[in-house]
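S.K.:
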Amino acid sequence: MPEKEPIGVIGVGWVGLCTAACFADLGHHVYARDILPEKVESLSRGEVPMHEPGLSELVRGNAERLRFTTDIGEVLDNASLLFCCVDTPPTYSGDADLSRVEAVIAELGGSVGHAIVMKSTVPVGTGRSIRRRFGGVGYVSNPEFLKEGSAIKDFMHPDRVVIGADSESEPFADRVQALYEPLGTSVVRTDVASAEMVKLASNAFLATKISFINEIANVSEELGADVSEVARGMGLDDRIGPKFLQAGIGFGGSCFPKDVSALKQLAGNTGYHFQLLTAVVEVNELQKRRTIGKLQKHLGSLAGKEIALLGLAFKPNTDDVREATSLVLSARLQGEGANVRVFDPVAADGAREMLGGATITDSALEALEGADGAVLVTEWPEFAELDWVDVHQRMRVPVIVDGRNFLDREALVAAGFRYEGIGR
Ligand code: UDX
17 MPEKEPIGVI
27 GVGWVGLCTA
37 ACFADLGHHV
47 YARDILPEKV
57 ESLSRGEVPM
67 HEPGLSELVR
77 GNAERLRFTT
87 DIGEVLDNAS
97 LLFCCVDTPP
107 TYSGDADLSR
117 VEAVIAELGG
127 SVGHAIVMKS
137 TVPVGTGRSI
147 RRRFGGVGYV
157 SNPEFLKEGS
167 AIKDFMHPDR
177 VVIGADSESE
187 PFADRVQALY
197 EPLGTSVVRT
207 DVASAEMVKL
217 ASNAFLATKI
227 SFINEIANVS
237 EELGADVSEV
247 ARGMGLDDRI
257 GPKFLQAGIG
267 FGGSCFPKDV
277 SALKQLAGNT
287 GYHFQLLTAV
297 VEVNELQKRR
307 TIGKLQKHLG
317 SLAGKEIALL
327 GLAFKPNTDD
337 VREATSLVLS
347 ARLQGEGANV
357 RVFDPVAADG
367 AREMLGGATI
377 TDSALEALEG
387 ADGAVLVTEW
397 PEFAELDWVD
407 VHQRMRVPVI
417 VDGRNFLDRE
427 ALVAAGFRYE
437 GIGR
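FYI, in the numbering used here the residues of the sequence shown are 17 to 440.
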């Protein structure tokens, strides 16, 4: 069998590591470069620094094909397709911070015969401007659509692969396409700017879907409808689809808030006011804060009250707390004078410094003991499995705000809880 094309990965964060591990599992030799020596050392020992189901197993199981290094020269000597996976966090203006991408490009600028395969989410137009400045190097846009918590499955069974290149880089794009052939998925071949836009538009659309259903939830509360039933009825329409219609206390994570803001900003920079996205962001911010009102409805002033937050991660199956609703809620509750106790099965360590005076507990029961109210923030399965009759005995006031419509409402009401869901 012919040797599979070796590949390079630049930036071994979550996207880079998932990409490296999955390509290694598909039989490629992968040269993964990060600038942090301690990260490279621990990865070389098979230690994976993030919680992502299946990732550690892939890294350890493919150790012979996965080389971690700080040396860009080693990557350039061994691979010509270089997947750029560095992060692009938002700046104060809401634009994407491209300094890490720029640093990578500066290192590779003269490397004729190599191509940058851009996985990092970048503003539309980035590829064109890089090509203009560094003519010699090939450029392929290949945005990632991985969800935290199911990234390995998403990589191996993608809905589609998007590959954008201009005519000079087509031969590189063909080679990138060949890497994905074993996955047997639809491939969208297009120009660079359109590929860049697919990524931003997809995330912005999904965020819009969430803010839309959250507004339907808020109106349903007033009008006596149940948003879960409404979403079920809407979702059966093929044109709408059932996914991303789960009402809750707002979206978070490293992608949606950043990408929505980046697209809004990008439009604004061209003089176009993307009104819809302005509303999507605002609805999301208000949605987080509505929880406070739901607690106040039952408890009056929150000053001096003990409030338990169940979950810190922005969604289950991850330890990621970036842009997590829990952080806003914890700060807002403390602003109202409440004493906040939080529990998360995996995300506590990463959140410690962002929680101000909140107490992190070792178990859900410890957070709930003697509490005046509780908010379910993240739908970790273990929260549904709590003995809620026992919890009722332990809480001082049995008020629960189910921020993800995740708990068994009837059972909780039967147990004596004052239950507040979202849109029901
Ligand atoms: C997202 C995109 O799905 C992925 O394609 C992209 O590459 C990165 O951004 P991720 O951030 O991992 O992935 O999370 P996702 O599962 O999409 O959820 C994002 C947020 O939306 C979470 O806070 C989640 O709780 C919330 N959400 C999701 C809802 O509130 N309702 C829904 O119906 C779905």
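Think of the CB as a built atom: it goes at the ideal place given N, C-alpha and C, for glycine as much as any other residue. None of the values given here were measured: they were computed from a predicted structure.
Short check: CB of Glu212 to CB of Val140, under 7 Å?
M.R.: It is a contact, given that the beta carbons lie within the stated cut-off.
S.K.: Taking its Cβ as the centre, do 16 or more other Cβ atoms sit within 10 Å of Phe221, making it buried, or is it exposed?
M.R.: Classification for Phe221: exposed.
S.K.: Would a C-beta distance cut-off of 7 Å place Val138 and Gly180 closer than the cut-off?
M.R.: The answer is no: Cβ separation not under 7 Å.
S.K.: Kindly indicate the opening and closing residues of the alpha helix (DSSP H) around Gly309.
M.R.: Its alpha helix (DSSP H) spans residues Gln291 to Leu315.
S.K.: Can you find a heavy atom of the ligand UDX that lies under 6 Å from the Cβ of Gln262?
M.R.: Under cutoff, so the answer is yes.
S.K.: For a test of the three-state rule: what should DSSP assign to Glu382, helix, strand or coil?
M.R.: Here Glu382 sits in helix by DSSP.
S.K.: At a cut-off of 6 Å, would you count Ile88 as near the ligand UDX, judging by its Cβ distance to the nearest heavy atom?
M.R.: No, Cβ of Ile88 sits at least 6 Å from all heavy atoms of the ligand UDX.
S.K.: For the region 384 to 395 and the region 407 to 415, state whether three or more C-beta atom pairs, one from each stretch, are separated by less than 8 Å.
M.R.: These segments touch.
S.K.: Could you check whether the Cβ of Lys331 sits closer than 7 Å to any Cβ belonging to chain D?
M.R.: Going by chain labels, chain D is absent from the structure shown, which holds only one protein chain.
S.K.: Check whether the region 194 to 201 touches the region 350 to 370, taking contact to mean three or more Cβ pairs, one atom from each stretch, closer than 8 Å.
M.R.: These segments do not touch.
S.K.: Of all the options Ser58, Ser109, Thr104 and Ile132, which has the alpha carbon lying nearest to the alpha carbon of Leu92?
M.R.: It is Ile132 whose Cα lies nearest to the Cα of Leu92.
S.K.: Give the single residue among Gly284, Gln281, Ile265 and Gly27 whose Cα lies nearest to the Cα of Leu7.
M.R.: Nothing can be reported for residue 7: it is not among the residues displayed for the chain, which extend from 17 to 440.
S.K.: How should Val128 be labelled, buried or exposed, when 16 other C-beta atoms within 10 angstroms of its C-beta is the threshold for buried?
M.R.: Its Cβ having fewer than 16 others within 10 Å, Val128 is exposed.
S.K.: So Lys321 and Ala295 are supposed to be a Cβ contact under 8 Å. How far apart are they, rounded?
M.R.: Wrong, their Cβ atoms sit about 32 Å apart, outside the cutoff.
S.K.: Can you name the start and end residues of the alpha helix (DSSP H) that Thr35 belongs to?
M.R.: Element bounds for Thr35: Trp30 to Asp41.
S.K.: Just to confirm the assignment, what range does the beta strand (DSSP E) spanning Phe359 have?
M.R.: It spans Asn355 to Phe359 - the beta strand (DSSP E) in which Phe359 sits, taken as one unbroken run.
S.K.: By the three-class DSSP mapping on this structure, what secondary structure does Gly77 have?
M.R.: In the structure shown, Gly77 sits in a helix (DSSP, three-state: H, G or I).
S.K.: With respect to 6 Å, is the separation between the Cβ of Lys321 and the closest non-hydrogen atom of the ligand UDX below this value?
M.R.: Incorrect: Lys321 has no Cβ contact closer than 6 Å to the ligand UDX.
S.K.: Okay, do the region 296 to 303 and the region 267 to 284 touch, 3+ Cβ pairs below 8 Å being the bar?
M.R.: Flag = yes, the region 296 to 303 and the region 267 to 284 touch.
S.K.: To the nearest angstrom, report how far apart Leu371 and Leu345 are at their CA atoms.
M.R.: Their backbone Cα atoms lie some 10 Å apart in a straight line.
S.K.: Looking at the secondary structure, which residues open and close the beta strand (DSSP E) in which Leu98 lies?
M.R.: Taken as a continuous stretch (DSSP letters only), the beta strand (DSSP E) holding Leu98 covers Leu97 to Cys100.
S.K.: Can you check DSSP and say which residues form a bridge with Tyr155?
M.R.: According to DSSP, Tyr155 bridges with Ile132.
S.K.: Look at the alpha carbon of Gln281 and the alpha carbon of Asp335, and state the distance between them as a whole number of angstroms.
M.R.: In a straight line, the C-alpha of Gln281 is about 29 Å away from that of Asp335.
S.K.: Please work out which residues of its chain come closer than 7 Å, Cβ to Cβ, to Ser244, disregarding the five sequence neighbours upstream and downstream, and give them in chain order.
M.R.: If we look at Ser244 and ignore the five residues flanking it on each side, its Cβ neighbours are Asn421 and Arg440.
S.K.: Decide if Pro332 is buried, meaning its Cβ has at least 16 other Cβ atoms within 10 Å, or exposed.
M.R.: By the neighbour-count rule (16 or more Cβ atoms within 10 Å), Pro332 is buried.
S.K.: Return the residue from the list Glu184, Asp182, Leu162 and Ser183 that minimises the CA-CA distance to Asp175.
M.R.: Comparing Cα positions, the closest option is Leu162.
S.K.: Using CA atoms only, rank isn't needed, just tell me which of Ala189, Ala217, Val177 and Ser210 is closest to Ser202.
M.R.: Residue Val177 is the option with its Cα nearest to Ser202.
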